[in-house]
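Residue numbers (my numbering), protein chains in the order written: chain R, 61 to 771; chain W, 53 to 203.
Taking it in order: structure first as structure tokens, then the write-up.
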Amino acid sequence: MKTAQISRRKFMQLTSVSGACLVVGCVPNSVGESIANLSAINPVGLNQFISIDNLGKVILYNHRPEMGQGVYQAIPMILAEELEVEIKQVEIRQSEADSKLYGDQRVVGSRTIRSEFEKMRKMGAAAKEMLTSAAAQKWKVNVRECSAKNGIVTHSSGKTLSYGELVEAASKLSAPENPTLKDPKDFKIIGQSIKRQDAPLKTNGSAKFGIDMQTPGMLYASIERSPVWLGKAISYDKDAALAINGVKHVLTTSRQVYGRKIEGVAVIADNYWAAFKGRQALNVVWDNKGLDKISSETIMQDFRQESQKKGDVLHEKGDAEAVFNNSNDIIVSSYELPYQSHVPMEPMNVIASVKENSAEYWGSTQNPNGMRSYLSKKYNIPPENVKINYTFMGGGFGRRSMTDILEEAADLSKQTGAPIKVVWTREDDQTQGPFRNCSLNVCRAVLDKDGNISALEHKVIAQEIGKQSGNDTKAGRQLMGGITTGYSIPNVAIRGVLQKRHVPISYWRAVYHSTNPFAHESFIDELATKAGKDPLAFRLAMLQDHPRFKRVLEEIARLTNWYDSKKAGIGRGLAMVERSGAHFAMVVEVANENNRVKPLRVTTIIDVGICVNPDIVRAQTEGSVVMGLTAAYGGLTVKEGRIVEQNFNSYPLVKFSECPEIVTHVLPGTAEPDGAGEAGLPTLAPALANAIFDLTGKRIRKMPMDLGGLV
Amino acid sequence: MASFSLKINGKIETVDVDPAMPLLWVIRDFIGLTGTKFGCGISQCGACTIHMDGKPVQSCVMPVSAAEGKVITTIEGISENNDHPVQLAWIDEQVPQCGYCQSGQVMTAVALLDKNPNPSEEEIDQAMNSALCRCGTYQRIKKAVLKASKS
Numbered sequence: 061m062k063t064a065q066i067s068r069r070k071f072m073q074l075t076s077v078s079g080a081c082l083v084v085g086c087v088p089n090s091v092g093e094s095i096a097n098l099s100a101i102n103p104v105g106l107n108q109f110i111s112i113d114n115l116g117k118v119i120l121y122n123h124r125p126e127m128g129q130g131v132y133q134a135i136p137m138i139l140a141e142e143l144e145v146e147i148k149q150v151e152i153r154q155s156e157a158d159s160k161l162y163g164d165q166r167v168v169g170s171r172t173i174r175s176e177f178e179k180m181r182k183m184g185a186a187a188k189e190m191l192t193s194a195a196a197q198k199w200k201v202n203v204r205e206c207s208a209k210n211g212i213v214t215h216s217s218g219k220t221l222s223y224g225e226l227v228e229a230a231s232k233l234s235a236p237e238n239p240t241l242k243d244p245k246d247f248k249i250i251g252q253s254i255k256r257q258d259a260p261l262k263t264n265g266s267a268k269f270g271i272d273m274q275t276p277g278m279l280y281a282s283i284e285r286s287p288v289w290l291g292k293a294i295s296y297d298k299d300a301a302l303a304i305n306g307v308k309h310v311l312t313t314s315r316q317v318y319g320r321k322i323e324g325v326a327v328i329a330d331n332y333w334a335a336f337k338g339r340q341a342l343n344v345v346w347d348n349k350g351l352d353k354i355s356s357e358t359i360m361q362d363f364r365q366e367s368q369k370k371g372d373v374l375h376e377k378g379d380a381e382a383v384f385n386n387s388n389d390i391i392v393s394s395y396e397l398p399y400q401s402h403v404p405m406e407p408m409n410v411i412a413s414v415k416e417n418s419a420e421y422w423g424s425t426q427n428p429n430g431m432r433s434y435l436s437k438k439y440n441i442p443p444e445n446v447k448i449n450y451t452f453m454g455g456g457f458g459r460r461s462m463t464d465i466l467e468e469a470a471d472l473s474k475q476t477g478a479p480i481k482v483v484w485t486r487e488d489d490q491t492q493g494p495f496r497n498c499s500l501n502v503c504r505a506v507l508d509k510d511g512n513i514s515a516l517e518h519k520v521i522a523q524e525i526g527k528q529s530g531n532d533t534k535a536g537r538q539l540m541g542g543i544t545t546g547y548s549i550p551n552v553a554i555r556g557v558l559q560k561r562h563v564p565i566s567y568w569r570a571v572y573h574s575t576n577p578f579a580h581e582s583f584i585d586e587l588a589t590k591a592g593k594d595p596l597a598f599r600l601a602m603l604q605d606h607p608r609f610k611r612v613l614e615e616i617a618r619l620t621n622w623y624d625s626k627k628a629g630i631g632r633g634l635a636m637v638e639r640s641g642a643h644f645a646m647v648v649e650v651a652n653e654n655n656r657v658k659p660l661r662v663t664t665i666i667d668v669g670i671c672v673n674p675d676i677v678r679a680q681t682e683g684s685v686v687m688g689l690t691a692a693y694g695g696l697t698v699k700e701g702r703i704v705e706q707n708f709n710s711y712p713l714v715k716f717s718e719c720p721e722i723v724t725h726v727l728p729g730t731a732e733p734d735g736a737g738e739a740g741l742p743t744l745a746p747a748l749a750n751a752i753f754d755l756t757g758k759r760i761r762k763m764p765m766d767l768g769g770l771v
Numbered sequence: 053m054a055s056f057s058l059k060i061n062g063k064i065e066t067v068d069v070d071p072a073m074p075l076l077w078v079i080r081d082f083i084g085l086t087g088t089k090f091g092c093g094i095s096q097c098g099a100c101t102i103h104m105d106g107k108p109v110q111s112c113v114m115p116v117s118a119a120e121g122k123v124i125t126t127i128e129g130i131s132e133n134n135d136h137p138v139q140l141a142w143i144d145e146q147v148p149q150c151g152y153c154q155s156g157q158v159m160t161a162v163a164l165l166d167k168n169p170n171p172s173e174e175e176i177d178q179a180m181n182s183a184l185c186r187c188g189t190y191q192r193i194k195k196a197v198l199k200a201s202k203s
């Protein structure tokens, strides 16, 4: 995926270009439509993020899609801080999708706050300086005698003008390129757990999601695709589908998933239910040409065979191989993880309308500008003629970063001449993927006479997202995500053995950080046990050169009273990981309840540098823990080339009563912000497995875990 | 196709649809109340929860023909100003993340508290287990239900 990169200089120049022309109301705004329009007359834009009306009401635009992660609140908080307004003066709206105005708008890899923090501060500070300069000009005084606070500019003589009174004049000034930023110790908004403005919209049904969108003349499509990926349609009963009341068309279509074509037969009707009923009547016969022999078992058998290969070096320090060659006491453990489904609660859906020289998109996406690029390139339509209407997302978790779901709708719109809304069933979401990869991890180590690790090798055998099609057989660094190389181990080798399968995979919350740490942090625990050392002290001794990890470990030891005498009947497990810059440590506590292991409490210490909104970071960690538990307890099974678990009755999500107590502490930090959207997920599985070992003496090396029969 | 008169949120709505069409799609696509969500289609996730004669019902498996003559309430109908005690508690505890399942969560909680104004934690567990949340907001939901039960 390529998006326009805007240099910082260019970005700041855009401030004056867009200046006064961005008036509220010009902006196509699916999310913001549901916010009551309380503004007075003529809000004036100071830049593409900030408009102020004559009564001083401040409208701040969030330009990154909201999928639950909280950018809708966090981006405006950063702007408001430097703009020097009170957060209660602020009304948040969603910006339009426009890479020229807003740069990269994708929400992936916990990047938003990390990549936007400084830019948003500058946008806020630039607008504040324009307002202050406008006041100075009106008063005919030196700007240095003026200061701004709470939406008011004050002169040293004591006279004041409100932002509402100044905005018109300020909008005519050019934006300063290097505005002065606040000292972080003076932050009043950043660092506060300010309540989310999207919360009220999400308690009364007024928040709009992609699936809620409609447009005049729209038809609904339900699409049957081969349950065995890459299967080809041989025959289907078009007449049976057309016989359903409301069905208008039966058409073939397709979409590309990482370079591979997935066929589908679409039933198009004037309502969703008729399209769905028509689809059930299709009775498509598929040619699955040998792919239907493949199962999870055969895949894992292949992976075990493949693990005999040396693999490609992804990271190396010292000479681990030499240590292994000279040792007769090599510790080896293998860990297996299954495919997983994203399961956003909002099933995939999209509306596309493709005309001769224009196109329009409606939907919930992590990548609105990617939707524009696709329609523009595919149908040779100028980008400015492609209108993008993006909404809140009912979960994304990586699945909504892809543009594949648009392809069928656009194709069907082109074929029929009508706007087409494609709605996936839950079964479509579950069985079509793309999925989180499955993997085999083989870890080897040698301990020296003092029980310290002298050599460690971690070999990952898995598919790689970027190399699913094509001839590249060399493993890339993507495969080693989440493997902590911060430990001071003299000889380390991280290796990858790249696998190619017909099962499509993609980005899933935390990506390879959701798989590799289960192996790595379980293995570190196994080595601590072998060395006869406390797992926390064992790790801490290897982190002299890593102050951030050291800090989170020391804090979690303190918070969980780790070194105090153990509570009877409670097993404790520890893990630590870095993801998107965030450093975190987790302790899971488990007990025996009716002969099953039950997680009681999950405690996380997280260092994300400067934290914009601690409560949102806590919420993200709570979500990561619950998602991690679901992935620990269940997974997808491939049988006869297809997924067995088709809906929640066979792929159960963790339920309300299964949620342990989740305690999250966000450490105060002064470093630039890190990404927090995936923190906590990578540590859950290893910390849980380590806790189970502590309670039962049994080592879990395969996911999904069965918590019965262990105690 | 057949004509049905439905009493939804105090109003009578008339639709001409397939009698087997689940109430969910009637409410969303024909009546235009989109707060009720599609999640699974097999009454396993609770995103489509509405009230029928005061009881929580999964509208994704309820044919429209079974809804005639019943009093139906959707998320849009539980308060005028987003000020039902459950909604206020939800906002206060900052429950929603993506928000997609929250209509169903709120409707499930409202039905529980209507029937049982002071539920025990076990009773909350039992009632709320029918509503799945992928964002993992359960801990906050529990606090919000307890808060609403005390208001």
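Cβ atoms here follow ideal geometry from the backbone N, Cα and C, with glycine treated the same way.
Small disclaimer: the values here were computed from a predicted structure and weren't measured.
- Residue environment for D464/R: buried (at least 16 other C-beta atoms within 10 angstroms of its C-beta).
- Classified as buried, P171/W has 16 or more neighbouring CB atoms from the shown chains inside 10 Å of its CB.
- Judged by DSSP secondary structure, V726/R falls within the beta strand (DSSP E) whose first and last residues are E721 to V726.
- Going by DSSP, Q559/R is part of the beta strand (DSSP E) stretching over N551 to Q559.
- Nearest Cα to D299/R within the set G291/R, K308/R and A293/R: K308/R.
- Within its own chain, the residues whose Cβ lies closer than 6 Å to the Cβ of A229/R, once the five positions on either side in sequence are excluded, are A194, listed in chain order.
- Rounded to whole angstroms, the gap between the alpha carbons of G683/R and I722/R is 10 Å.
- In the structure shown, I703/R adopts extended strand secondary structure according to DSSP, grouped into three states.
- The beta-carbon separation of M646/R and T664/R, rounded to 5 Å, stays under the 8 Å limit for a contact.
- In the displayed model, V201/R falls within coil according to three-state DSSP, outside both helix and strand.
- By DSSP's assignment, Y693/R forms no beta bridge with any residue.
- Under the 7 Å criterion on CB atoms, W422/R is classed as non-interfacial with respect to chain W.
- Ranked by Cα distance from N181/W, the options K167/W, L165/W and A161/W are led by A161/W.
- Neighbours of P125/R in chain W, taken as residues at a C-beta separation under 9 Å, are lacking, since the least C-beta distance is about 11 Å.
- Runs of the alpha helix (DSSP H) spanning 4 or more residues and lying entirely within the region 109 to 191 of chain W occur at 137 to 144, 154 to 167 and 173 to 180, in chain order.
- Beta-bridge annotation (DSSP): R496/R is paired with Q400/R.
- DSSP places S387/R in no alpha helix (DSSP H); its state is neither H nor E.
- Chain-ordered, the chain W residues with CB closer than 8 Å to the CB of S717/R read D177, Q178, M180 and N181.
- At a cut-off of 7 Å, the C-beta of R486/R has a neighbouring C-beta in chain W.
- Per DSSP, I521/R is one residue of the beta strand (DSSP E) stretching across I513 to Q523.
- Taking the C-beta atoms as reference points, W333/R is found no nearer than 7 Å to S286/R.
- Bounds of the alpha helix (DSSP H) holding Y439/R are P428 to Y439.
- Here Y547/R is buried, its C-beta having at least 16 other C-beta atoms within 10 Å.
- By the neighbour-count criterion, in which a residue is buried when 16 or more other Cβ atoms sit within 10 angstroms of its Cβ, M53/W is exposed.
- In chain W, no part has a C-beta under 8 Å from the C-beta of L558/R; the shortest such distance is about 30 Å.
- No Cβ of chain W is located within less than 7 Å of the beta carbon of V723/R.
- When T730/R, Y162/R, L139/R and S159/R are compared, the shortest CA-CA separation from E151/R is found for L139/R.
- Of all alpha-carbon atoms in I411/R, P733/R, S234/R and T544/R, the one lying nearest the alpha-carbon of A281/R is that of I411/R.
- Just so you know, the alpha carbons of T476/R and D105/W end up roughly 42 Å apart.
- In the DSSP assignment, W333/R forms no beta bridge with any residue.
- Distance from T214/R to S207/R at the Cβ level is roughly 6 Å; contact confirmed, criterion being Cβ atoms closer than 8 Å.
- Using a Cβ distance threshold of 7 Å, G729/R and G669/R count as a contacting pair.
- Distance from the CA of F578/R to the CA of L741/R, rounded to the nearest whole angstrom, comes to 10 Å.
- Excluding residues up to 5 positions away in sequence, N417, S418, A419 and L435 lie with their Cβ nearer than 7 Å to the Cβ of I441/R in the same chain.
- In terms of beta-carbon proximity, L713/R lines the interface with chain W, with at least one pair separated by less than 7 Å.
- Remark: C-beta atoms of G270/R and T485/R do not approach each other more closely than 7 Å.
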